Structures are given as structure tokens and as C-alpha cells.
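Just below is one structure, and these are the notes that go with it.
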Amino acid sequence: MTSLCCVNSSAEETRWGRFDTHIELFHYDIDAQNDEESKATVLGGYIDYRSKPLYGFGFGVKQYLSHLIFESKNPALTSLTDTAGNDINPLSECYAYYKNTHTAFKIGKQQIHTPMLNDDTTRLVPFSYQGITSQIFWDSDTFLSLGHVTRFRPYNAEAYSEYTSSGLAEEGVSYIGFHTQFGNARHQWYYYHAPKLFNTLHMEVEARTPLNPSADIYYGMQGIYTFDDQGGIHILNRDNGGGDVKLVAAKLGLRSEKFSYTGSLSYNFGNDGINRGYGGLSSIYTSSMIAQGKTQGHPFAKSLKVHYRYFSASKDKAYSSSLYLTNITYRDDTYNTLNALYIDHKFKFRPREYILLRYEKQWIANEDDKSYLRIISAYTF
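Just so we're aligned: the sequence shown equals residues 324 to 704 in our numbering.
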């Protein structure tokens with residue numbers, strides 16, 4: 324087991340703007356058979372600058388680096404490098420912005436946070452995109468999110484192109500999202516339009532009910548529906564999106580000051596899967612770090628997550644552990660039953676000071692077992 328250390332300095336506000344630096348040492352080990360076995364350790368992070376607004380206008384720049392160090396094996400399989408196993412140094416953000424009390428607007432290269440287009444922080448370098456995004460706010464709970472993305476960069480590349488995680492989007496991807504809250508119920512609705520690929524609806528409603536002064540019952544429903552597939556001509560992988568994804572998911576849980584228990588179910592009635600949507604990770608309750616129920620073959624996924632916080636001196640200082648169990652069965656006999664678990668331990672010393680150890684194991688019927696180890700740490704000066 325290789326230790327991993329990360330230094331993450333707090334964002335510094337100056338009269339010229341906000342400056343942030345992040346230095347990270349990331350080790351990832353995949354224990355598998357033959358050519359699928361891989362390991363890599365990279366040193367990197369980012370430098371982030373956002374100017375102070377002048378009459379609401381400003382600009383931002385964010386540069387990442389992921390540099391391979393120590394001995395490695397098949398490093399490209401870890402996605403900590405590019406597809407050839409080389410270092411990556413992408414310009415993740417370079418944008419102009421405008422912001423006032425009710426409106427925010429960005430144009431240029433940027434990271435995006437939506438259910439089917441997002442940064443996906445499971446690696447050192449996240450996904451990023453080139454385009455126009457905006458938000459219109461009514462209050463802190465209700466806002467409209469709009470965007471049009473023309474070029475896409477995955478987390479293992481430097482270049483931006485018209486290729487999404489699902490295929491070629493020659494005319495880009497546009498989206499509109501609406502967030503609001505009614506009482507204890509939070510609503511999130513997104514529509515994505517990709518004229519040369521496929522369109523997607525992502526719907527989510529979550530709510531909570533107080534059980535007693537120190538515990539809540541929480542529950543939620545999700546749906547992903549894709550349509551207007553362009554004949555599969557531009558699809559890179561039918562397991563990664565298409566015209567027949569009809570996925571529904573539900574969760575039910577109990578949360579107290581120290582414990583939380585969450586049970587989730589999902590089923591894909593459609594014939595295609597949607598692992599990554601247009602970029603990042605398509606959001607679904609039954610996804611763990613590796614195992615997920617978003618593939619082809621009509622997967623029926625069941626998951627249970629138990630989280631225990633065994634020390635909490637304050638909101639910013641807490642030690643906790645989690646256990647996540649996933650079982651996926653398929654209606655289609657050509658796919659094998661999958662069982663997985665992951666265990667993580669997080670030691671949070673301050674808001675951006677923590678150590679995280681995560682181990683995941685997969686058991687797939689009629690296939691070789693796999694295990695995944697990640698060790699992440701962060702320290703704030």
C-alpha cells in the first residue's frame with residue numbers, strides 16, 4: 324500500500340481576485356488478471372485564479388497537472404495519464420464571466436456541474452468543457468440553469484474535441500435545468516438536446532421527514548430517459564448511451580447525527596446503457612465508485628450504504644467510515660451477476676484537510692475478480 328499525500332492551500336482573496344492552489348499525490352492500484360492489472364502514482368494538482376469583478380465582469384483560469392512518478396504498470400488503465408500512459412497538463416478553465424444578484428454567466432473553457440455533464444472528480448484531473456453556461460436565480464433554492472457545450476475534454480486528455488463520452492456531437496449539446504424546493508421536497512429537472520447524438524431527460528425528486536429531533540427519514544426518485552437517437556451512427560459505445568435508456572431509481576434512508584443507512588434500487592427498462600452520458604458520470608443512486616446499474620442488459624441494481632461518524636468535534640472536524648454493498652442482476656442472460664463492496668475511512672481535520680482510504684472489490688460471475696485501491700489525502704496550510 325502506497326501512502327498518498329496532498330497539499331491544498333485555502334483560496335486566498337487579494338485585491339486582484341481569488342487565488343487557489345492544490346498539490347496532490349494520487350496512487351491508484353487495480354488488482355486484476357493479465358493485461359488489466361495496473362498501478363500508477365501521479366503528482367499534480369491545479370492553480371486556479373478568478374479575478375475580482377469590475378461592474379460584474381471578470382475572468383478565470385485553472386490549469387491542471389498530472390505527472391507520473393515512481394514505478395507504474397499499464398498506467399493508462401488508471402486514467403491518471405492519457406491513453407498512451409503519458410503525463411497530462413490540461414487547461415481546464417479559461418473563461419469570461421458576469422455575475423449580479425440574480426444572474427451568473429460564463430463563456431469559454433469551464434467545469435460544469437449537472438447530472439449528465441459534470442467534472443467527475445474520481446481522478447486527479449476532472450472533465451471540462453468549452454461553451455456558454457448561465458444561471459438565473461430567484462432565491463437560494465430556485466434557479467434555472469442553461470448551457471450550450473461545443474467541445475469536450477475527458478479526464479485523461481489535454482485536447483478538447485467534438486467527441487463526448489457517448490459519441491460525436493457535431494452540433495454540441497444544449498441543456499436546460501430547473502432546481503426548486505417545495506417544503507421538504509427538492510426538485511431537479513434537466514433536458515439535454517444533442518441534435519447529432521441523442522436527447523436526454525434527467526428527473527429527480529428528494530424529500531425528508533423528521534423522525535425525532537435528531538433523526539430524519541429521507542427518500543427520493545430518479546429517472547433517466549433518452550430519445551431521438553440518430554441511428555447509432557455517432558455512438559462510440561452502445562453501452563454508453565443511445566435511444567432506448569429508460570432507467571428509474573429510488574432510495575430510502577435514515578440519517579442521524581452519527582449514523583446513516585441508505586437503500587437504493589434501480590432498473591433500466593431500455594436496451595442501451597448510459598454510463599457517462601455526455602461527460603463525467605451520469606448521476607444515479609445505485610452507482611458506487613466502480614459498480615453501477617446503468618449498463619445494457621436491463622440491469623436490476625440493489626445497493627446498501629452504511630455511514631458512521633465516530634468522532635465530530637465540529638462540522639469541520641470529523642472521522643467517519645462507510646460500507647457500500649452493490650448487487651446487479653440482468654434479465655439478459657449474456658450478462659453476468661455482479662457483486663461489489665467498497666469500504667472507505669475518512670479523517671477530516673479541517674474543511675479541506677483530510678485523509679481518505681478507499682478499497683473496492685468486485686465479484687463477477689464467470690469472470691476474474693477485481694479490486695481497486697485509492698488513497699487520498701489533503702492538507703490545508
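We put the CB at the ideal spot given by N, CA and C, even for glycine.
The model shown is predicted, which means the values in this text are computed figures rather than measured ones.
Does the Cβ of residue i have 16 or more other Cβ atoms within 10 Å, making it buried, or fewer, making it exposed?
{"i": "residue 496", "result": "buried"}
{"i": "residue 456", "result": "buried"}
{"i": "residue 356", "result": "exposed"}
{"i": "residue 697", "result": "buried"}
{"i": "residue 709", "result": "Missing from the structure shown is residue 709; the chain here goes from 324 to 704 and no further."}
{"i": "residue 418", "result": "buried"}
{"i": "residue 663", "result": "buried"}
{"i": "residue 638", "result": "exposed"}
{"i": "residue 591", "result": "buried"}
{"i": "residue 407", "result": "exposed"}
{"i": "residue 506", "result": "exposed"}
{"i": "residue 349", "result": "buried"}
{"i": "residue 436", "result": "exposed"}
{"i": "residue 324", "result": "A caution first: residue 324 carries a pLDDT of 39, below 50, which makes its placement in the model unreliable, though a value can still be read off. By the neighbour-count rule (16 or more Cβ atoms within 10 Å), residue 324 is not buried but exposed."}
{"i": "residue 476", "result": "buried"}
{"i": "residue 540", "result": "exposed"}
{"i": "residue 329", "result": "Low confidence applies to residue 329: its pLDDT is 44, below 50, so where it sits in the model is not reliable, and the reading given next is rough at best. Result: buried."}
Rank the options by C-alpha distance to the C-alpha of residue i and give the top, closest one.
{"i": "residue 499", "options": "481, 524 and 486", "result": "524"}
{"i": "residue 480", "options": "489, 470, 453 and 449", "result": "449"}
{"i": "residue 376", "options": "389, 679 and 424", "result": "424"}
{"i": "residue 529", "options": "514, 684 and 510", "result": "510"}
{"i": "residue 519", "options": "606, 553, 472 and 638", "result": "553"}
{"i": "residue 502", "options": "700, 339 and 467", "result": "467"}
{"i": "residue 513", "options": "588, 428 and 600", "result": "600"}
{"i": "residue 394", "options": "365, 372 and 416", "result": "365"}
{"i": "residue 567", "options": "595, 559, 585 and 542", "result": "595"}
{"i": "residue 343", "options": "354, 362 and 372", "result": "372"}
{"i": "residue 358", "options": "622, 340, 367 and 397", "result": "397"}
{"i": "residue 589", "options": "660, 630 and 569", "result": "569"}
{"i": "residue 608", "options": "368, 593, 626 and 681", "result": "626"}
Which partner residues of residue i appear in the DSSP bridge assignment?
{"i": "residue 392", "result": "364"}
{"i": "residue 461", "result": "Note: residue 461 sits in no beta bridge, so no partner."}
{"i": "residue 643", "result": "632 and 669"}
{"i": "residue 686", "result": "662"}
{"i": "residue 620", "result": "DSSP lists no partner for residue 620."}
{"i": "residue 535", "result": "538"}
{"i": "residue 679", "result": "669 and 699"}
{"i": "residue 371", "result": "343 and 385"}
{"i": "residue 380", "result": "377 and 421"}
{"i": "residue 694", "result": "354 and 684"}
{"i": "residue 602", "result": "440"}
So the beta strand (DSSP E) residue i belongs to, where does it begin and stop?
{"i": "residue 511", "result": "508 to 516"}
{"i": "residue 589", "result": "582 to 591"}
{"i": "residue 501", "result": "496 to 505"}
{"i": "residue 346", "result": "340 to 354"}
{"i": "residue 466", "result": "466 to 476"}
{"i": "residue 574", "result": "569 to 579"}
If you scan the segment 414 to 460 from start to end, which runs of the beta strand (DSSP E) of 3 or more residues do you find wholly inside it?
414 to 422, 426 to 433 and 451 to 460
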